[in-house]
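**Q** Shown below is the structure under consideration.
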Amino acid sequence: MHNAIYTGLQKEVEVILATPRGFCAGVSRAIEIVKLAIEYYKDTKTIYVLHEIVHNKYIVETLKTMGVIFIDKVDQAQDGSVLIYSAHGVSKSIKQLAELRDLEVIDATCPLVNKVHKEVQLYDKSGYQVILIGHKGHREVEGTVGQISTPVIIVQNLNDIDKIEIFDPDKLAYVTQTTLSVDDTKVIIDKLKKKFPNIKGPDLKDICYATQNRQTTTKRLAELVDIVFILGSKNSSNSNRLKELAAIQTQAFLIDSYKEIDLNLLNDITKIGITAGASAPDILVQQVIDFLKQHMKVKLSDLEIVQESVTFNVPRQLRQYKEQYNPI
């Protein structure tokens, strides 16, 4: 909420924007898939998305206004409609349920999440017991665990490692959720390797490039400013990790929009940092900047640590339509 007590109308502040920030390639691809599907099936089929396409309130609400229906179970989709899987991926059992229905399925799972799915399947096929480093209850974790019928051990923290029961320490492997804290995950991996020297795994390669880049930039940003605002929804794993990292150095707030900024916090602030989680659109960042400009003199600058050029193709049927009509 905005507080009328704020008295800094004439104050000057430097606003530093983190780069890269916001959409990663997987999120951009998922949103593009939904928008292309809206055009491709216009007036012919209803578009359903299983769970939130990405964990961002603004994106979900925007797509709802375009006619997209978000559901929590496959059986909520009507026969003859289109069902899109979210960027976080789904279990094999969900895919099997969808195959039994008269549905046209489009998979918007991030290719980097699919990579983890394939790793789990390969380890299981080779007789390895699989450990998944991640957050219980997160959609991505649920989808990854559901790739195999063999139970997957979920490790959320260092203490969990002491509790796990292993069948054979020489046939043990781990994978990770793609949106974890790089620093925290490294500590967990190091402990796993110390306890189980023959464990197999991808080091930190399963944590996606965008997650790593945004974390690196956010850590540096937090060192330079008095307060950091992270644009992102509360159920966004990667956005929460950015808040945690920034909070080590300075004040940090995870917000869905500028409406959540308390101006009282800015009375003694001279440098403000702004970044955004991988599922937050840049329009939310611009709205924060515009809001700040209404209440103070703003000098903008950029903090660019690394450049990103990764892109992912949409599925073939939509790619052909895009190339022919380019509706977006």
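Here our numbering is used: the first residue of the sequence shown is 5, the next is one more, and so on.
All C-beta atoms in this analysis are idealised placements derived from N, C-alpha and C, irrespective of residue type, glycine included.
With respect to the beta strand (DSSP E) encompassing Gln133, which residues constitute its N-terminal and C-terminal limits?
**A** Start and end: Gln133 to Ile137.
**Q** Would you please state the rounded distance, in angstroms, between the beta carbons of Gly277 and Ala226? I believe it to be under 8 Å.
**A** Indeed they touch by this definition, with Cβ atoms about 7 Å apart.
**Q** According to DSSP, simplified to helix, strand and coil, what is Ile328?
**A** Here the sequence assigns Gln to residue 328, which means Ile is not the residue at that position. Three-state result, Gln328: helix.
**Q** Of all Cβ atoms in chain D, is any one closer than 9 Å to the Cβ of Leu228?
**A** This model lacks chain D altogether; it includes just one protein chain.
**Q** For Pro115, which residues from the same chain have a beta carbon less than 6 Å from its beta carbon, with the 5 sequence-adjacent residues on both sides left out?
**A** Correct list, in chain order: Phe316.
**Q** For Ala8, which residues from the same chain have a beta carbon less than 7 Å from its beta carbon, with the 5 sequence-adjacent residues on both sides left out?
**A** Unreliable placement is indicated for Ala8, whose pLDDT of 46 sits below 50; no coordinate value is reported for it.
**Q** Which residues in the same chain as Val120 place their Cβ atom closer than 7 Å to its Cβ, once the five residues preceding and following it in sequence are excluded?
**A** Cβ within range, chain order: Thr148, Val179, Thr182 and Asp210.
**Q** Which residues in the same chain as Val310 place their Cβ atom closer than 6 Å to its Cβ, once the five residues preceding and following it in sequence are excluded?
**A** Asn217, listed in sequence order.
**Q** Using the three-state DSSP reduction, which class does Met5 fall into: helix, strand or coil?
**A** Note that Met5 scores 45 on pLDDT, short of 50, meaning its location in the model is unreliable and no value can be drawn from it.
**Q** Which of helix, strand or coil does DSSP assign to Ile170?
**A** Correct three-state label for Ile170: coil.
**Q** For Asp194, which of helix, strand or coil comes out of DSSP?
**A** Note: Asp194 maps to helix in three-state DSSP.
**Q** Give every residue of the same chain whose Cβ lies closer than 7 Å to the Cβ of Pro173, excluding the five residues on either side of it in the sequence, and list them in chain order.
**A** Same-chain partners within the cutoff: Phe200 and Asn202.
**Q** Return helix, strand or coil for Lys122, following the three-state DSSP convention.
**A** Residue state, collapsed to three classes: helix.
**Q** List the whole-angstrom C-beta distance separating Val64 from Phe74, where the pair is believed to meet the contact cut-off of C-beta under 8 Å.
**A** Val64 to Phe74, Cβ: 6 Å. Contact.
**Q** Assuming Val31 contacts Ala91 under a Cβ cut-off of 8 Å, what Cβ separation, rounded to an integer in Å, is found between them?
**A** 6 Å between Cβ atoms; contact.
**Q** Quick check for students: name the residue ranges of the alpha helix (DSSP H) that lie wholly in the stretch 64-128, counting only runs of 4 or more.
**A** Taking only runs of at least 4 residues, the alpha helix (DSSP H) segments lying wholly in the stretch 64-128 are 96-103.
**Q** Are the CB atoms of Leu21 and Ser305 nearer to each other than 9 Å?
**A** Closer than 9 Å, so yes.
**Q** With respect to the alpha helix (DSSP H) encompassing Tyr52, which residues constitute its N-terminal and C-terminal limits?
**A** Not the alpha helix (DSSP H): Tyr52 falls in the beta strand (DSSP E), residues Ile51 to Leu54.
**Q** Please name the residue in Lys204, Ala41, Val109 and Val156 whose C-alpha comes closest to that of Arg323.
**A** For Arg323, the nearest C-alpha among the options comes from Ala41.
**Q** Buried or exposed: Met70, going by 16 or more other Cβ atoms within 10 Å of its Cβ?
**A** It counts as exposed.
**Q** Using 8 Å as the Cβ pair cut-off and three pairs as the minimum, do the stretch 264-278 and the stretch 228-239 touch?
**A** Output reads yes: the stretch 228-239 touches the stretch 264-278.
**Q** Is Gln14 near the ligand FMN, going by C-beta to nearest heavy atom under 8 Å?
**A** Here there are no bound small molecules, and the ligand FMN is not part of this structure.
**Q** For the pair the stretch 34-48 and the stretch 290-302, tell me if three or more CB-CB distances fall below 8 Å.
**A** No, because fewer than three Cβ pairs between the stretch 34-48 and the stretch 290-302 fall closer than 8 Å, the two stretches do not touch.
**Q** Please classify Ile332: is it buried, with 16 or more other beta-carbons within 10 angstroms of its beta-carbon, or exposed?
**A** Caution is warranted here: a pLDDT of 48 is assigned to Ile332, below 50, making its placement in the model unreliable, and the coordinate value is therefore given only provisionally. By the 10 Å Cβ count, Ile332 comes out exposed.
**Q** Quick one: residues in its chain with C-beta nearer than 8 Å to the C-beta of Asp207, no 5 flanking neighbours on either side, listed in chain order?
**A** Answer for Asp207: Ile193, listed in chain order.
**Q** How many Å lie between Glu248 and Asp106 at the Cα?
**A** Those two C-alpha atoms are separated by around 44 Å.
**Q** CB-CB under 6 Å to Leu235, same chain, minus the five flanking residues each way: which ones, in chain order?
**A** Here the set comprises Ala280, Ala284, Leu288 and Val289.
**Q** Excluding the 5 residues preceding and the 5 following Ala256 in the sequence, name in chain order all residues of the same chain whose CB lies nearer than 6 Å to its CB.
**A** Taken in chain order, the residues that qualify are Val232, Lys247 and Ala250.
**Q** In angstroms with no decimal places, state the Cα-to-Cα distance between Glu327 and Lys15.
**A** About 50 Å.
**Q** Where does Ala335 fall in DSSP's three states?
**A** Nothing can be reported for residue 335, as the shown portion of the chain is limited to 5 through 332.
**Q** Using a Cβ-Cβ cutoff of less than 8 Å, which residues in the same chain neighbour Ile51 once the five nearest sequence positions on both sides are dropped?
**A** Excluding sequence neighbours, Ile51 sits near Val38, Ala41, Ile42, Tyr45, Gly71, Val72, Ile73, Ser85, Val86 and Ile88.
**Q** Please report how far the alpha carbon of Lys61 lies from the alpha carbon of Asn239, in whole angstroms.
**A** So the alpha carbons of these two residues sit roughly 9 Å apart.
**Q** Taking DSSP as the reference, what is the three-state secondary structure of Tyr45?
**A** In this structure, Tyr45 counts as coil in the three-state DSSP scheme.
**Q** Just curious, the beta strand (DSSP E) that Ser305 is in, first and last residue?
**A** Counting along the chain, the beta strand (DSSP E) containing Ser305 begins and ends at Lys301 to Glu308.
**Q** Taking Val179 as part of the alpha helix (DSSP H), name the residues at either end of that continuous run.
**A** Run containing Val179: none in the alpha helix (DSSP H); it sits in the beta strand (DSSP E), Leu176 to Thr180.
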